[in-house]
Each structure stands twice: as C-alpha cells, then as structure tokens.
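A.B. asks:
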Amino acid sequence: MAKRGSSGPFDWLRGFGTRASLLLLLLVSLALLVVSRTSEGEVPFKGLRRVVDDIAKPPMQLIEWPLSGIQKLNERIAAHWNASQRVFELERENRTLRQWEALSHALHAKILRYEKLLDIQGEDQIRVLSTRVIGESRGPFVRSALLRVGSYSGVAEGQAVVDPDGMVGRIVTAGKYSSRVLMLTDLNSRVPVTFEGNTSRAILAGDNAKHPKLIYINNGFVPAISTKVLTSGDDGILPSGLMIGKVVEIDEQHNVRVQLFANLNSVDYVQVLTRPLVIPPEEEPIESPPASELSAHGDHLLQGVSQ
Amino acid sequence: MSSGVTRLSSVAARAGLIAWIGVPTLVSLIGLLIYVAPFHLLGILIPMPLFPLMAIFFWAMARSKMMPPIVVFAIGLIQDLLTGGPLGLWSFSYLFAYAIMTTQSDTFSGRGSSMLWAGFGLMVILTVFAAAFAGVIAMGWQVDGIHLLAQGMITFLLYPLFGRFYGRLQRMTQQARRLYDFHHGSVI
C-alpha cells in the first residue's frame, strides 16, 4: 500500500483542490464586494446580518463583561488621580445646571401651554430605551456599534441613538435581540439637520473622518463657527431638535464640518429613542370602508346636493 | 470492564482530534470577538489589533491543513458581518495574504522566531494592501488609511506575544492528536 507522502503519477494534483478552492473563494469575496458597492444606500444581506448579530450577542456579552471591568477600573484610577480638581469642576457645573434646570422647567411649561393653544397634532410620545454597547467597529472602514436590544424591545430601523451629550447615530439593522447603530461619522451615515437660530436645512454626512461634513445646505446659508446643529426631523423617522454638534470648520469652498457633542470614542451606555414610524399617505394601506357606510355617506352627499 | 475503558479512551481520543481540528478556528473566532468588543482607554480611539490575522498566520505557517482556505474565508466573512462592513472585505484581504504566504511557508517557518515575525510583517503588509484595495472597491476612495496602517502596525508589534501563546496551544493539541493516533493504532 502506497504511503501518503510518496510520489506518484497524480502527484501534481496534490494541493490542486486547495488552490482551486482558494481561487474560487477569492472570486466569491470579490463578487460580494462588488455587490456591496452596487447596492448603495441599502444595507446588503440585511437578513444575514441580523441573524449573525443575534447569534453573536451572547458570546460578545461574555467577552465584553471582563473588558468593561478593566475599563471601570481604569476610569476609577483616572478619577482618583485628580479628584479634588474634578469635585471643584463638578460643583461649578452643578451650579450652572441648576440655573438651566429652573429655566427649562419654565420653558417646558410655556411650550406645553402654546401647544395646547395651537392644538398641535402629530407630536409623538418618544420612549427612551437605555442599553449598553456590546460590540463596536471603529476600524478603517466602518463606524458602527452593536446594542443588546432588538425588535423585541421595540427597536426599529432608523431610530435615533443618543448618549447624554448628544446624538450618536441611528439604527441600521434590528434583529430580534440585538441591533446595530451606524455612527454619525460612518461613510454611509446621512442625517437631515437644521441650525440653532436658523431654519435652513442640510444633510450631515459621515465620511469616516472625526468631524462629519454638512452637504446640501439650502438657501445659500453659511453657518458661523460654533453654530449648533440639530436634527430637523424631515425624514419622518428621527425626532426634531436632537443635539448633534457644533460647526468647527468652514473652508474657502464653504465646506462645513461639525464637531459632535457625543464622544464616539467612548460610547458605552446609550439610549434608543423609539417612536412610531410616520407612514407617508401614499404608502398607507388603502382600507375601503364597509359598503353600508359608503352608501350612507353617498346618500348624505346626495341629500346635500338636492337641498 | 476493559471494553468500557477502551470506549472511554476512544471518546477522549476523538475529542482530542476534534480539538486538534477546531482549536485554530475557535482561537480565530475568540480573537474576532475581542476585536469587536468595546474597549476604550481614557476616551482615546485605539486601533484594535487584527487578532484573527495572527491566528491565521500562525496556523498557515505551522500546519496549513489546520487552517484551510474555507476557514480563512469564513473568519473574514464573520468579521465583515460583526463589524457591519461591506461583505467580502476582510475575507478577500485575509485570503489574498494567506494565498501568498502559504507558498512562502518554507522561507519563514522553522527558521527561528525572528524570521517568523518577519514573515508576519509581510503578511500584515499584504493584508493592509488587500484591505485598502477591497475598501476602494466597496466604498470608493474614502478609506481611513492612517487607521488601517496603525492597525497593521499594532498587529505586527503584538504578534510575538500571541505567537508564543498559539505555540503552546499547538503543542497541547498536538498531544491530543498523538493520543488519537495511538488509540487508533492500538484498536486496529
């Protein structure tokens, strides 16, 4: 019986299968890349991504647990390092925040009164869902994070994700038990925005840089440095008025860049703002009223004409 | 009684064989989970090392049969899915580097740890180059090149540490394999 390592007439075939499969898999990878390129604006293989995110959730939680312990220890050491200075700063911040709190209560009461007087319709109640980030991608290609809440908790695609400082991103895929947030700095992120003290609209577009840029600014408006940028809510998904950041850079070609209020490098706890989606009237399912109701309505109209 | 012991030892030997085959894949997947775990140091963005690449290189050099192309492809694909990136990006990058490095395994393996580290340096360069190319195909000219280079550099610098750990694992799995071979031989 010939040994496996011996030479034979079919020796050249040894490793052929490996080489062929290598070539085939390289071609499959390239094909997948091309599909990713051509499906611009849409997330390709969304179903598969949802399933993998859901499967990966338990082991990722397991890995995240010791890492968060190290991180907490690190934060504690850093906090002790300049504790007295921090206490002083926090006391000062607390005094300022108390003044703002009193003012915000007064303004909130005023807004409620105005809304009642104007009878504003269509303002949804937003539910806040706090959760922890269990996975992150801050690589050279993608800026996204994995959350441990999914559609079973009311999370849906398009919903805004914020942290105490400002908006972080929006949900791009929502599995049953997990969901993925596309950070505002990601290449594919597009958020309709407006400016504090001005009604002009623009789109905040990520390009994998630290400060995302503003595109399609309407009315020829050029914001000043430090102008605050907020969500406009024009897409019917994001709530309006969410704090995003401030303008930090305007070049000679009027290219505007925004510094985000949220520090995307250290996002741990976030809040998903869940609210019912606004369905455009043309996409609403047409429900024909019962025939009896229709005929009664028709009779009523006819009566009006005859009178 | 003796047949019971033989059966038990056969089960242990089979478990050893599965461990021998599954360890490289499992190590790569654990590396992948650490890669996507949220870890911040004083609010600074630190590029995460490409842990799966270290495992792929180690077993491609030590025993390429334990790291076949389909496993490399699967690891890359899972990395694409877990990071939410374009599908095919990391699978292409890893496979490209793997394809070249497996043809050069005689040059780098069995010639000391510094030669192996140099080989890994080449593997990192090939992977970074392929990832940049794949990134341009999938996303256009908007790849964060500096981040990619920093990631490659950190991966290269950390390899000796992980390579030593993988070496220990390899020796352990090798013993499990020997147990299987011995048992298999004795049964026959």
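Residue numbers (the numbering used here), protein chains in the order written: chain S, 79 to 385; chain E, 55 to 242. Each residue gets a CB set at the ideal place from its N, CA and C atoms; glycine is no exception.
Going by beta-carbon coordinates alone, are I191/E and L111/S separated by less than 8 Å?
C.D. replies: Yes, the Cβ-Cβ distance between I191/E and L111/S is below 8 Å.
A.B. asks: Compare the C-alpha of L86/E against each of K119/E, P122/E, M120/E, I110/E and name the closest.
C.D. replies: Taking only the C-alpha atoms, the option nearest L86/E is I110/E.
A.B. asks: Would P78/E pass as a contact of T209/E if the rule is Cβ separation under 8 Å?
C.D. replies: Result no, Cβ atoms of P78/E and T209/E do not sit closer than 8 Å.
A.B. asks: Which class does T197/E belong to by DSSP, given the choice of helix, strand or coil?
C.D. replies: The displayed chain sequence assigns Val, not Thr, to residue 197/E. In the structure shown, V197/E sits in coil (DSSP, three-state: anything other than H, G, I, E or B).
A.B. asks: Relative to chain E, which residues along the segment 286 to 309 of chain S have a C-beta separation below 7 Å, given in chain order?
C.D. replies: Going along the segment 286 to 309 of chain S in chain order, one finds N286 with a Cβ nearer than 7 Å to chain E.
A.B. asks: Please list the residues of the segment 98 to 116 of chain S that have a C-beta atom closer than 9 Å to any C-beta atom in chain E, keeping them in chain order.
C.D. replies: Against chain E - using a Cβ distance shorter than 9 Å - the residues of the segment 98 to 116 of chain S are S99, L100, L101, L102, L103, L104, V106, S107, L108, A109, L110, L111, V112, V113, S114, R115.
A.B. asks: Rounded C-beta distance between V348/S and T251/S? I'm assuming under 8 Å.
C.D. replies: So it is not a contact: roughly 16 Å between Cβ atoms.
A.B. asks: Would you report the Cα separation of V220/S and Q203/S, rounded to the nearest angstrom?
C.D. replies: Cα-Cα distance, rounded: 32 Å.
A.B. asks: In chain order, what residues of the same chain lie with their CB nearer than 8 Å to the CB of G244/S, ignoring the 5 residues before and after it?
C.D. replies: L320, M321, I322, G323, L338, F339, A340, listed in sequence order.
A.B. asks: Taking the alpha helix (DSSP H) that S162/S belongs to, which residues open and close that run?
C.D. replies: Per DSSP, S162/S belongs to the alpha helix (DSSP H) from 161 to 196.
A.B. asks: Can you check which of these residues, P359/S, S267/S, E169/S, R128/S, is closest to R248/S by C-alpha distance?
C.D. replies: The candidate whose alpha carbon is nearest that of R248/S is S267/S.
A.B. asks: Reducing DSSP to helix, strand and coil, say where D402/S ends up.
C.D. replies: A query on residue 402/S cannot be resolved here, the shown segment of chain S reaching from 79 to 385 and no further.
A.B. asks: Given that a residue counts as buried once 16 or more other Cβ atoms are within 10 Å of its Cβ, and exposed if not, what is V307/S?
C.D. replies: With 16 or more Cβ atoms within 10 Å of its Cβ, V307/S is classed as buried.
A.B. asks: Could you tell me if T277/S is buried or exposed, where buried requires 16 or more neighbouring beta carbons within 10 angstroms of its beta carbon?
C.D. replies: Exposed.
A.B. asks: Assuming P270/S contacts T305/S under a Cβ cut-off of 8 Å, what Cβ separation, rounded to an integer in Å, is found between them?
C.D. replies: Not really, about 16 Å apart at Cβ, beyond 8 Å.
A.B. asks: Exposed or buried, which one is F112/E when buried takes at least 16 other CB atoms within 10 Å?
C.D. replies: That one is buried.
A.B. asks: How long is the line joining the alpha carbons of V336/S and I84/E, rounded to whole angstroms?
C.D. replies: Computed Cα separation, rounded: 37 Å.
A.B. asks: Quick one: is F219/E near chain S, going by C-beta distance under 8 Å?
C.D. replies: Chain S contact via Cβ: absent.
A.B. asks: Can you give me the Cβ contacts of N286/S inside the same chain, cut-off strictly under 6 Å, excluding the 5 residues immediately before and after it?
C.D. replies: Answer for N286/S: L265, listed in chain order.
A.B. asks: So does the segment 164 to 180 of chain E actually touch the segment 125 to 145 of chain E, counting three or more Cβ pairs closer than 8 Å?
C.D. replies: The segment 164 to 180 of chain E vs the segment 125 to 145 of chain E: no contact.
A.B. asks: Please state whether DSSP places S208/S in a helix, a strand or coil.
C.D. replies: Strand, per DSSP.
A.B. asks: Please identify the residue among N333/S, V350/S, G253/S whose C-alpha is closest to the C-alpha of I133/S.
C.D. replies: Comparing Cα positions, the closest option is G253/S.
A.B. asks: Nearest-angstrom Cα distance between M129/E and S82/E?
C.D. replies: Correcting the residue identity first, residue 129/E is Ile in this sequence and not Met. Going by the C-alpha atoms only, they are around 7 Å apart.
A.B. asks: I want to verify the contact list: residues of chain S whose CB lies under 8 Å from the CB of Q196/E, in sequence order.
C.D. replies: Those within 8 Å of Q196/E in chain S are L265, D285, N286.
A.B. asks: Since A116/E is in the alpha helix (DSSP H), which residue starts that stretch and which ends it?
C.D. replies: Start and end: 105 to 116.
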